[in-house]
Amino acid sequence: TPARFTLDQAFTVGAVDPRLYGSFVEHLGRCVYDGLYEPGHPAADAEGLRQDVLALVRELGVTTVRYPGGNFVSGYRWEDGVGPREQRPVRLEPAWRSTETNAFGLAEFMDFCGKTGAEPMMAVNLGTRGVEEARQLLEYCNHPGGTELSDRRIAHGAKEPYGIRMWCLGNEMDGPWQIGHKTAAEYGRLAAETARAMKMIDPDLELVACGSSGSGMPTFASWEATVLEEAYEQVSHVSLHAYYEEVDGDRDSFLASAVDMEHFIESVVATCDHVRARLKAEKRINLSFDEWNVWYQRRFQAQTPPDWDVAPRLLEDSYSVTDAVVVGSLLIALLRHADRVTAASLAQLVNVIAPIMTEPGGPAWRQTTFFPFAQASAHGRGRVLRVEADSPTHTTAKFGQVELLHSTAVVDEETGAVTVFAVNRSQDQALPLEIDLRGVGARTLAEHSVLADADPDARNTLDEPERVAPHAATGTTVTDGVLRAELEPLSWNVIRLT
Ligand code: AHR
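Using the numbering used here, you'd call the opening residue of the sequence shown number 48 and step up by one each time.
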């Protein structure tokens, strides 16, 4: 039996905030050093940024970049990364047992943002530091001039203020692994006071409070409620983090990871709205899903920790076609909640659980997960249409009965073009799909692109960097206002109608 749904422009979820297609650069492993920044590489520009990486970041369609961490930020002194490079201190970096040279810092990051067109999303250290340092960093970045800190920025070469709008108030402060880990009450107060001080300097900032570092945390949901009770008026977003991996060969459950992600989102929305009701507040808090991806965390935990090396190879997951289909499904989950998820960051961008890989002195290439992200960012702009699918199901060990089809659709309101994103979760069965287009104007098939492979473990590597790429599907038709397609087993699909 086919999976079916009807598209109608009258029924929408909400507008897609371009910030949904954000990513994340942390001082971790080879994300920065020997990743996007490698002075001396043949493709490096005068500032040491690899132009081959910059081109791939632009192709990926990244709209925002969260920086500089991650766990890293909770022990970071931002002053170490500004000013003349030869005067910057080398320090122990305890979060990842690495040595931080500080050769890359704020100015280099802003240069990276300028060259990729990405909006910076800056995180402040609320682990070892607090209100004062956050306030100082903001003044250094955003104040036009005439004060010691803003003049220091100018003296460092940045005449114009950076104008950074979005700020994360710490990182994963609920996690016992976090430097300066806090209880919800401690963090809620600190977040509120930091936010208040920052908004005294710039009332238009958009501030993100740390939610839980995963829905499995013992304090999940009560953490969000406590933090928001303190900081509700000061923040615009609460953060969510989630990583998925295949465990013990249970691929059906892994392919259904978005079931967990959607449940997580809905739980945080409910918690935010509960606090809204309690506080009789008018505004709603939106969600910043500012760390999400497939991450083989169990493999990472089994590795010997680094021994204070500079830019060690850490978290360098190689992604298969299966992983890319899951990433596509996670993108669908975010889009299906675009009314409340108004920012998100694929963690991370280069080398570290990343869509882009590099070799020092060598090439840069696209992992399999690059493709669903790039396609969603290119075509998933506009308004999300409600998709209420009637789909065949199967049973998974982790989530019980799960629909084989996971899908969403986005209409570009200017052109009327509609893009359907769809995943077939079945590992061995093609899934016939019928879409009734009665409520949308677009009736001409422009493209049906599919990412699937006879070998679902196929991946792109240094030796074979172009082994996997999307291909055109065959047999997709539109007749009498009905689109008919066959979704290959274990596939990510982009169907564009004009
Ligand atoms: O993205 C890798 C790490 O995952 C981040 O540093 C941390 O915030 C999360 O636990």
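Idealized CB from N, CA, C, for every residue including glycine.
Note that the structure is predicted; figures quoted are calculated from it, not measured.
Ends of the alpha helix (DSSP H) at residue i?
i, result
"Gln-448", "Counting along the chain, Gln-448 falls outside any alpha helix (DSSP H), though it belongs to the beta strand (DSSP E) covering 447-450."
"Leu-103", "98-107"
"Glu-460", "Where Glu-460 is concerned, there is no enclosing alpha helix (DSSP H), given that its DSSP letter is neither H nor E."
"Thr-318", "304-326"
"Phe-420", "417-426"
"Thr-241", "231-248"
"Ser-365", "Segment: none, Ser-365 is in no alpha helix (DSSP H) and carries neither H nor E."
"Phe-71", "Note, Phe-71: premise wrong, no alpha helix (DSSP H); beta strand (DSSP E) at 69-71."
"Leu-492", "Not the alpha helix (DSSP H): Leu-492 falls in the beta strand (DSSP E), residues 492-498."
"Ser-197", "195-202"
"Ala-154", "153-163"
Confirm, please, whether the CB-CB distance from residue j to residue i is below 8 Å.
i, j, result
"Glu-186", "Thr-194", "yes"
"Asn-189", "Asp-249", "yes"
"Asp-337", "Cys-160", "no"
"Glu-277", "Ala-238", "yes"
"Ile-403", "Ala-411", "yes"
"Leu-302", "Gln-281", "no"
"Ser-262", "Ser-197", "no"
"Met-264", "Asp-307", "no"
"Thr-466", "Leu-451", "no"
"Arg-97", "Thr-508", "no"
"Ala-231", "Val-178", "no"
"Ala-493", "Gly-463", "no"
"Gly-117", "Gly-152", "no"
"Phe-71", "Ile-482", "no"
"Thr-163", "Arg-212", "no"
"Gly-427", "Val-63", "yes"
Since residue i and residue j are thought to touch, with beta carbons under 8 Å apart, how far apart are those beta carbons, to the nearest angstrom?
i, j, result
"Ser-121", "Gly-217", "7 Å"
"Val-399", "Arg-77", "7 Å"
"Arg-66", "Thr-416", "Arg-66 to Thr-416, Cβ: 19 Å. No contact."
"Val-470", "Ala-456", "Not a contact, Cβ separation roughly 13 Å."
"Asn-172", "Tyr-234", "13 Å between Cβ atoms; not a contact."
"His-384", "Glu-309", "7 Å"
"Val-100", "Val-397", "6 Å"
"Ser-300", "Phe-446", "6 Å"
"Leu-498", "Ser-538", "6 Å"
"Tyr-84", "Gly-95", "5 Å"
"Thr-59", "Val-357", "Not really, about 49 Å apart at Cβ, beyond 8 Å."
Whole angstroms are fine: how far does the CA of residue j sit from the CA of residue i?
i, j, result
"Thr-146", "Gly-82", "16 Å"
"Thr-56", "Arg-413", "A small fix is needed here, since residue 56 is Gln in this sequence, not Thr. When rounded, the distance between both Cα atoms is 35 Å."
"Ala-444", "Ser-367", "22 Å"
"Gln-474", "Ala-202", "58 Å"
"Val-341", "Asp-370", "7 Å"
"Thr-524", "Thr-491", "9 Å"
"Ala-305", "Arg-387", "16 Å"
"Phe-418", "Ala-181", "36 Å"
"Asp-364", "Thr-351", "16 Å"
"Leu-54", "Ser-496", "20 Å"
"Phe-119", "Ile-226", "9 Å"
"Glu-271", "Gly-522", "48 Å"
"Val-431", "Phe-468", "11 Å"
"Ile-312", "Ala-268", "11 Å"
"Arg-144", "Pro-359", "9 Å"
"Glu-460", "Gly-61", "12 Å"
"Thr-241", "Gln-183", "11 Å"
"Ala-391", "Cys-319", "17 Å"
"Val-487", "Glu-155", "45 Å"
"Trp-339", "His-288", "6 Å"
"Leu-139", "Leu-361", "16 Å"
"Pro-548", "Pro-86", "This structure cannot settle anything about residue 548, because the visible part of the chain is limited to 48 through 545."
"Pro-136", "Glu-126", "10 Å"
"Glu-513", "Leu-544", "28 Å"
Under DSSP, the beta strand (DSSP E) around residue i begins and ends at which residues?
i, result
"Cys-188", "No beta strand (DSSP E) contains Cys-188, which is instead part of the alpha helix (DSSP H) from 178-189."
"Cys-215", "213-216"
"Thr-526", "524-526"
"Asp-337", "333-341"
"Trp-539", "538-544"
"Phe-550", "The structure shown does not extend to residue 550, since the chain is modelled only from 48 to 545, so the question has no answer here."
"Val-274", "Run containing Val-274: none in the beta strand (DSSP E); it sits in the alpha helix (DSSP H), 269-278."
"Tyr-290", "284-291"
"Ile-226", "It is not in any beta strand (DSSP E) - Ile-226 carries neither H nor E in the DSSP assignment."
"Gly-486", "478-486"
"Glu-140", "138-140"
Should residue i be counted as a contact of ligand 2 given a C-beta to heavy atom distance under 7 Å?
i, result
"Leu-75", "Because ligand 2 does not appear in the structure shown, any question about it cannot be addressed here, the ligands present being ligand 1."
Next on the checklist: Assess contact between the stretch 160-173 and the stretch 109-116, defined as three or more Cβ pairs (one per stretch) separated by less than 8 Å. Is contact present?
Outcome noted: Yes, since at least three Cβ pairs between the stretch 160-173 and the stretch 109-116 fall closer than 8 Å, the two stretches touch.
Next on the checklist: Contact between the stretch 344-357 and the stretch 285-301 is defined here as three or more beta-carbon pairs at a separation below 8 Å; is this criterion met?
Outcome noted: Yes: the two stretches touch, three or more of their Cβ pairs being nearer than 8 Å.
Checklist entry - Is there contact here, the stretch 461-480 with the stretch 517-537, by at least three beta-carbon pairs under 8 Å? => result Yes: at least three Cβ pairs fall under 8 Å.
Item to check | Segment contact flag, the stretch 371-380 with the stretch 420-427, C-beta cutoff 8 Å, min 3 pairs | outcome: Three or more beta-carbon pairs drawn from the stretch 371-380 and the stretch 420-427 are found closer than 8 Å, and the two stretches are therefore classed as touching.
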